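Data block below; observations after.
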Amino acid sequence: MLERERVLLAAKSITDSARCGIGSALFVVGAPGLGKTSLVDAISRRVGPEFRVGRGTADPMEASLPFGLLDQALIGLGARAVFELKESDRGASDVRARGFYSLLRWFDRARSGPVLLALDDLHWADPDSLALLLFLCRRIRRLPVAVLATLRPWPSAADEVCARLVQAGQARLERLAPLSDRGTRSFLAARLGYSPPEVEVRRSARLCAGNPLLLEQVAASIERGEDLGRLAAGQGGDEVSRSLVLTRFAGLPAAALRCIRAGSVLGTRFPMEIAVEMAGLEDAEVDAGLEALQRSGLLRQLSGSWVEFVHPLFQQALYDDLAVARRARAHAKAFGCLVRRGRDAEAAEHAARSDLVDSDQALAVLERAGRSAMRVGALMSAITQLSAAADLAGARAKPGLLLALGEVLLAAGRLVDAIAVLERLEPHEAAGRDDAAERASAGVRVAALRLIAHCHYGLGGTDKASLAFTAALDLAGALGESAEVPVLLDHALACWITGGPAVALPLAEEACARAPASGSAARRARAVSGFVRLLAGDPSRLDDLAAAARAEQGTQGGPVADLAELSYTWSAASGHALAAAFTERFDEAERAFRAGIEVADRIGAVEAMASLQLGYAYSTLLRLGRLQEALHTVGKVGDLAEVVPLIEQPAAFAHAYVLLLMDRLDESDAWCRRGETLAETRLDWWPTQWGWHVRGMRHLREGALDEAAECYLRIEAETARQGIREPGLLPWARHAVAAHLRRGHAADAVRVVEWLERSAEGLPCRWPRVAAATGRGWLAETAGDDARAQACFEAALAHHDQVRLPLERVETLLAYGAFVRRAGRTVRARELLREALDLSERIGAQWLARQAHEELAVAGGRRRRRDEQPQLTAQEQRVADLAGRGLRNQDIAGQLCISPKTVEYHLQRVYAKLGIHSRRYLIEMRARDAHRQDGEPTTR
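Residue numbering for the sequence shown follows my numbering, starting at 116 and increasing by one per position.
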């Protein structure tokens, strides 16, 4: 491995990290022939027996084979079955997400030893393998996985993936340089067995530009006594390279040359019997031709009849040497050979490269291959093949083909393209068709309109989406009520995200009216109605929601078909869990969330799992004051955003809210900006209002009262427009009252308090009553009625005694304590504020703890003494010591063989126990301890 020491050291670094359970990726970029494959071979041999190695090599003729590259590597690791590369009738995006998540879960659970994923020639990889690799590399930091990938700078798709990962700090990059003159001299001496004359070395260096593969051909030419000067005469660099490579084929018998040329059309790896058939060899020529190829050293034997070129440049040189017309005819022959063997996915690539313009067989193969790719979640491959089929068919494209292409474009996020394809499904004339055919056509059109509506919602076009749903409903009417109910529920759930219960509830009620008396459609309609009714302040149908959730999970608690179709937007399981949390039945909510997450995890329903985890974090963990768990859970949701894009915006604002409560303000602000950027292209009201609430809390705390009030006025207006009467959905109202009163706008405060009181009348939960009582207390204080104010604050605390809401209790204690302090009763104020301080520190809500500290100081209280602090665990102490020395999280993780996320988890527990807010305090504390040990006085 001449002059490759830097790359070998980088590879050793990622494999050493994998041994410690810390994943990382290394990309090696270089021109053809610089030794990338040799590096992969050497590194794979050097890692040692404790590593499991998965090898994969991409091939230009497999560029549209679904997950072709990763499939090879996973077979070597025994993980292919876990990745579940099997066809399914579930939606393409859901299957893709399930596969991605299943692989990540397999790596997470298979901790019997480190793994090396070695991928060669990544530039030829199919786009779905690249997407999966990108997904994995962004998440392997906490896994014992080393990824090594080699690639050329062109084609650019793989290089762009590499650049994105390197720029984000999620991978390392090494670029291979050609051999120096000294390296060229050493290479030739080792290859020839003697030191060649200096003039030969210089000529070789000019011919090969330091390329080891070309130097190998030069050495062979020298051994044959050829004149290198004549070879280089009148040729540029690329021509010299091709000439040097093609000299290896000189002297092959004609039959062998025809066979290997056919092989170059099939790719770098190919079954020899197909190459023989394409070459049209006679029986008498086969044995002699194969024997010549075996002796040539140009091919190496794989399993069975498969062979591969010893280097991709040999395949590329032969392929490029074919005339364009001859190449197209060769691809047509390859297509026929592969179709006859039932290998549609491979045949599709050749159909696209041949001149089979009017071939119905090519059209059928492309469509079958595209549908197969779609059913295993290989979206990019499916788009390539289905688009080729649609282009080939032109005006003859069948509705089923266009519908499949539209669905996969929607799943891949290409919404405008999806609409354009689906709108080609215009209604056809019914003349001459029987009722069955007409119903089938109407069914396809209804499905297309539902997809078009989802596309418009994704693009923010709610009016166009509603028109599409209305058109779908009109068509479904001719098919019967059973066809209408799914359209209505689709529309209701889409409206719930963008327009709230005011728009969604009439649609859900209509679905209930049209649904049959029993069965899954009726159950689902009543469940949707029950959930939306609760958000509108009516809990009367929660029993229907609970019954649907039980049916969804099966009578024995196992998954059933409905659960496999859970989506981000809503399901009976998530609806029931959320309703239990909103109505403060937290034990029931936790059981429901955990059960749903476990089932979704087991069957790979990734969208459902992301939805349930997010709901669990914000509706239950946060409200119970379990901030670290909430942050960890939201982090897991964020990890899935790449395969469940709709979850990204709410996950961003959930991060912002939790981090704000933990007093990590810069991080909170960054997440809030990220969510706001996403909100520019989406109209989802709920996550957007969370963003306004986070901003409002910051403004209120920092004294920017006009800005705070503006945030809360926007939330109030949206809440009214959407018909929301469940204050627990977003706990904004108490902060709004505080902002309005501090700004001197009592009328605005009264209006919010009255909304809380009206909402509380029909709901079984305590939080609206707590918020309303606190607001009444502030209003009474403003009016000078301290006795009335105290009674209101005491009523708020009495409500708290009936429900676990630790975060809200801290805020109530802060409000009451500040009121009592202002009234001059400092002893009682200190009691309330110390309780607020102790509770906020216990749950890690440093944002509230800091406010309690400040209020307590004004009230003449004191901070907790050092000897009252709880003890750190051994691991927390180790992490604190290393952080106190100034080490970064990544450095601490490397020393302790844990992940950076685990380091952050321990640091947050340390901060909470020590009553500090950042590692700066740990560094200062360590410095003071060092001074004490040296006998020096400390300064305060």
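Beta carbons are placed, not taken as given, at the ideal position from N, Cα and C, and that holds for glycine. Please read these numbers as outputs of a predicted model, since none were measured by experiment.
(request) Confirm the yes/no value for this check: CB of R700, any heavy atom of the ligand GDP, distance under 7 angstroms. (result) Only the bare structure without any ligand can be found here, which leaves the ligand GDP out of the picture.
(message) Just to confirm my understanding: we take T265, look at its own chain, exclude 5 residues before and 5 after, and list those with CB closer than 8 angstroms. What are they?
(response) By 1-based counting over the sequence shown, the position of residue 265 is 150. For T265, where only same-chain residues beyond five positions count, the Cβ hits under 8 angstroms are F142, V143, V144, G145, K151, T152, L154, V155, L234, D235, D236, L237.
(message) On the criterion of 16 or more Cβ atoms from any shown chain inside 10 Å, does S734 qualify as buried, or is it exposed?
(response) Here residue 734 refers to the residue found at position 619 of the sequence shown. With 16 or more Cβ atoms within 10 Å of its Cβ, S734 is classed as buried.
(request) Check each candidate in A394, R924, Q905, A390 and name the one with the smallest Cα separation from A938. (result) Translated into the one-based positions of the sequence shown, residue 938 becomes position 823. Here the closest residue by C-alpha is Q905.
(request) Could you tell me if G614 is buried or exposed, where buried requires 16 or more neighbouring beta carbons within 10 angstroms of its beta carbon? (result) Stepping through the sequence shown from its first residue, residue 614 is reached at position 499. Buried, by the Cβ-count rule.
(request) Give every residue of the same chain whose Cβ lies closer than 7 angstroms to the Cβ of A126, excluding the five residues on either side of it in the sequence, and list them in chain order. (result) Taking the first residue of the sequence shown as 1, we reach residue 126 at position 11. The residues are L141, I158, L263.
(request) Could you spell out where the alpha helix (DSSP H) holding W807 opens and where it closes? (result) Taking the first residue of the sequence shown as position 1, residue 807 is located at position 692. Where W807 is concerned, the enclosing alpha helix (DSSP H) stretches over 800-816.
(request) Report yes or no: do three or more beta-carbon pairs, one from the segment 292-306 and one from the segment 324-335, lie closer than 8 angstroms? (result) yes
(request) Assign R789 to one of three DSSP states: helix, strand, or coil. (result) Here residue 789 corresponds to residue number 674 of the sequence shown, with the count starting at 1. Helix, per DSSP.
(request) Classify F424 as helix, strand or coil using the three-state DSSP reduction. (result) Indexing the sequence shown from 1 puts residue 424 at position 309. In the structure shown, F424 sits in a strand (DSSP, three-state: E or B).
(message) Quick check on E969: buried or exposed, where buried means 16 or more other Cβ atoms within 10 Å of its Cβ?
(response) Within the sequence shown, numbered from 1, the residue matching residue 969 stands at position 854. So E969 counts as exposed.
(message) Report the CB separation of L851 from E831 in whole angstroms; it is logged as a contact under 8 angstroms.
(response) Here residue 851 refers to the residue found at position 736 of the sequence shown. Here residue 831 refers to the residue found at position 716 of the sequence shown. A quick correction: the sequence has Ala, not Leu, at residue 851. So it is a contact: roughly 7 angstroms between Cβ atoms.
(message) Cutting at 7 angstroms between CB atoms, please list the residues of its own chain near Y772, excluding the five before and the five after it.
(response) For the purposes of this step, residue 772 is taken as residue 657 along the sequence shown, with counting starting at 1. W805, V809, listed in sequence order.
(request) Would you tell me roughly how many angstroms separate the C-alpha atoms of L755 and S726, rounded to the nearest one? (result) If you number the sequence shown from 1, residue 755 lands on position 640. If you number the sequence shown from 1, residue 726 lands on position 611. Near 10 angstroms, if we compare the C-alpha coordinates of S726 and L755.
(message) Using the three-state DSSP reduction, which class does A242 fall into: helix, strand or coil?
(response) Position 127 of the sequence shown holds residue 242. Going by the sequence as given, residue 242 is Pro instead of Ala. Correct three-state label for P242: helix.
(message) Output needed for R119: all residues of its chain with C-beta closer than 6 angstroms, excluding positions within five of it in sequence on either side, in chain order.
(response) Stepping through the sequence shown from its first residue, residue 119 is reached at position 4. For R119, where only same-chain residues beyond five positions count, there are no Cβ hits under 6 angstroms.
(message) As an exercise, report each continuous alpha helix (DSSP H) stretch of at least 4 residues that is fully enclosed by the segment 936-992, in chain order.
(response) 941-958, 961-973
(message) Within 10 Å of its beta-carbon, does R363 have 16 or more other beta-carbons around it, so buried, or fewer, so exposed?
(response) Mapped onto the sequence shown, residue 363 falls at position 248. The residue in question, R363, is buried, as its Cβ has 16 or more Cβ neighbours within 10 Å.
(message) Is it the case that the segment 312-319 contacts the segment 162-175, given that we only count it when at least three CB pairs across the two stretches are under 8 angstroms?
(response) no
(message) Bridge partners for E289 per DSSP, in chain order?
(response) As a working mapping, residue 289 is identified with position 174 in the sequence shown. DSSP output for E289 lists V143 as bridge partner(s).
(message) With distance defined between alpha-carbon atoms, name the residue in S358, F385, Q500 nearest to A432.
(response) Position 317 of the sequence shown, counted from the first residue, corresponds to residue 432. Considering only alpha carbons, the answer is S358.
(request) Tell me, please, whether the segment 419-429 touches the segment 439-456 by the rule of three or more beta-carbon pairs shorter than 8 angstroms. (result) no
(message) Quick test of the definition: if touching needs 3 or more C-beta pairs under 8 angstroms, does the segment 639-655 touch the segment 835-847?
(response) yes
(request) Can you give me the Cβ contacts of C826 inside the same chain, cut-off strictly under 6 angstroms, excluding the 5 residues immediately before and after it? (result) Walking along the sequence shown from the start, residue 826 turns up at place 711. Once the five neighbours on either side are set aside, the close Cβ partners of C826 are W807, R810, G811.
(message) Along the chain, where does the beta strand (DSSP E) containing F584 start, and where does it finish?
(response) The residue given as residue 584 occupies position 469 in the sequence shown. Unbroken run through F584 is the alpha helix (DSSP H), 577-592; no beta strand (DSSP E).
(request) Spell out a yes or no on whether the segment 1027-1037 and the segment 995-1015 are touching, meaning 3 or more CB-CB pairs, one atom from each, closer than 8 angstroms. (result) yes
(message) If I follow the unbroken alpha helix (DSSP H) through P386, where does it start and stop?
(response) Indexing the sequence shown from 1 puts residue 386 at position 271. Run containing P386: none in the alpha helix (DSSP H); it sits in the beta strand (DSSP E), 384-386.
(request) Sort out for me which residues DSSP pairs Q416 with in a bridge. (result) Position 301 of the sequence shown holds residue 416. DSSP lists V422 as partners of Q416.
(message) Less than 8 angstroms between C-beta atoms, sequence neighbours within five positions excluded: which residues of the same chain meet that for R373?
(response) By 1-based counting over the sequence shown, the position of residue 373 is 258. Answer for R373: A394, G395, L396, G404, listed in chain order.
(message) To the nearest angstrom, how far is the alpha carbon of G592 from that of E757?
(response) One-based indexing of the sequence shown puts residue 592 at position 477. One-based indexing of the sequence shown puts residue 757 at position 642. Roughly 37 angstroms between the two C-alpha positions.
(request) Using only alpha-carbon positions, find the residue among S411, P268, A440, I389 that is nearest to G419. (result) Here residue 419 refers to the residue found at position 304 when the sequence shown is read from its first residue. Selected option, being the one with the closest Cα: I389.
(request) Return the CA-CA distance between L746 and H770, expressed in angstroms with no decimal places. (result) Walking along the sequence shown from the start, residue 746 turns up at place 631. Walking along the sequence shown from the start, residue 770 turns up at place 655. If I take the Cα positions, the gap works out to 7 angstroms.
(request) Under 7 angstroms Cβ to Cβ from D1049, same chain only, skipping five residues before and after it: list those, please. (result) One-based indexing of the sequence shown puts residue 1049 at position 934. Only weak support is given to the placement of D1049: the predicted model assigns it a pLDDT of 44, under 50, and the question is left unresolved by the model.
(message) Checking the sheet assignment: what are the DSSP bridge partners for D916?
(response) Start at 1 with the first residue of the sequence shown, and residue 916 comes out as number 801. For D916, which the question treats as bridged, DSSP gives no partner whatsoever.
(request) Could you spell out the range, first to last residue, of the alpha helix (DSSP H) harbouring G298? (result) As a first step, residue 298 must be located in the sequence shown, where it is residue number 183. 296-307 is the extent of the alpha helix (DSSP H) around G298.
(request) Assign E461 to buried or exposed, taking buried as 16 or more other Cβ atoms, counted over all protein chains shown, within 10 Å of its Cβ. (result) Numbered from 1 along the sequence shown, position 346 holds the residue referred to as residue 461. Its Cβ being crowded by 16 or more others within 10 Å, E461 is buried.
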